[in-house]
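By this note's numbering, the letter at position 42 of the sequence shown is numbered 32, and the numbering carries on one by one without gaps.
C-beta atoms are modelled at their ideal positions from N, C-alpha and C, and glycine is treated no differently.
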Amino acid sequence: MSGKLLQQARKDAAKFATAGGFEEDILLKTKDESIELAVKGLTSHHTQPFDTDGNQVASKSEHITISELDLIAGEFPYTSGNTGKIKLNGYKVVKPDNTGELKNYVINETLPNKTTGLIVCILGDA
């Protein structure tokens, strides 16, 4: 894939996640809450019927999908020093729940996609 085509694909993916009509307002905060960044992204809330061992449970699952381009543009500290690895675990998130009420969460896991530039963050209760 050529560099120009890949850049365009990243822009298109970011547009879908942040301005495609399904986006929500999301507030990201560093662990110590000293830095905040308001972004738009996709949010999800659903119930998982099974745990990782296959046992039947009814646990909630929350996640957000945000664009790395927004983190760069907002100069938000999201990587680990010189390694460039995404380090958002433990950061805080304020986003609407499925009723529209703002709720506080913490990022438990990040799943970056280096091809699209989108980052899925698995959330837990704050």
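Beta-bridge annotation (DSSP): residue 102 is paired with 109. Residue pairing by DSSP places residue 55 opposite 32 and 110 in a beta bridge. Straight across, the Cα-Cα distance linking residue 78 with residue 10 is about 24 Å. Between residue -6 and residue 43, the alpha-carbon positions lie close to 43 Å from each other. In this structure, residue 53 and residue 34 form a Cβ contact; the two beta carbons are roughly 5 Å apart against a cut-off of 8 Å. For residue 21, there is no enclosing alpha helix (DSSP H), as DSSP gives it neither H nor E. Nearest Cα to residue 99 within the set 92, 82, 1 and 87: 82. Within a 10 Å sphere around the beta-carbon of residue 31 sit 16 or more other beta-carbons, which makes this residue buried. Secondary structure at residue 1: helix, using DSSP grouped into helix, strand and coil.
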